[in-house]
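Participant:
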Amino acid sequence: MNAKDLDSLISEALDNIRNDRKVAREFLNEIANQIATDADQNKYLSPVAAKHIETMQRSNEQLVKLIGIRHKGQVQGVELTQEDKDHIFDLIQGGVENG
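Structure, rendered in structure tokens:
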């Protein structure tokens, strides 16, 4: 799979996660309104609300994983210039001479 396909899939997954979170948030608001109107519904609706909060947390975890994948791909593309390498070498040599 090439990088473009991976980026496309990650973007699609991010869109799906955001949409799922929006729907879950709207549903939680509706549950909160029903509980506020009829407190007896609390014992029935609280477990449902807890499941939706759990779903939102999983969405957050998925976002973190996707960010990690993107970051890992970007980090692999970073290289040191010859000047950077020379500077590091000089620092090491200086540290050995001063030690």
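In my numbering, each residue's number is its place in the sequence shown (first place is 1) plus 1. For glycine and all other residues, C-beta sits at the position ideal for the given N, C-alpha and C. Keep in mind it's a predicted model, so treat the numbers as computed, not measured.
(1) Could you compute how far the alpha carbon of Ile32 sits from the alpha carbon of Leu67?
(2) Taking 8 Å as the threshold, find out whether the stretch 14-31 comes into contact with the stretch 50-70 through three or more Cβ pairs.
(3) Is the Cβ-Cβ distance between Ala14 and Gln58 less than 9 Å?
(4) Tell me which residues share the same chain as Asn99 and place their Cβ nearer than 8 Å to its Cβ, disregarding the 5 neighbours each side in the sequence.
Facilitator: Let me spell this out:
(1) C-alpha separation (whole angstroms): 30 Å.
(2) Counting Cβ pairs under 8 Å, three or more are found: they touch.
(3) The beta carbons of Ala14 and Gln58 sit no closer together than 9 Å.
(4) Its pLDDT being 46, under 50, Asn99 is placed unreliably by the model, and nothing is read from it.
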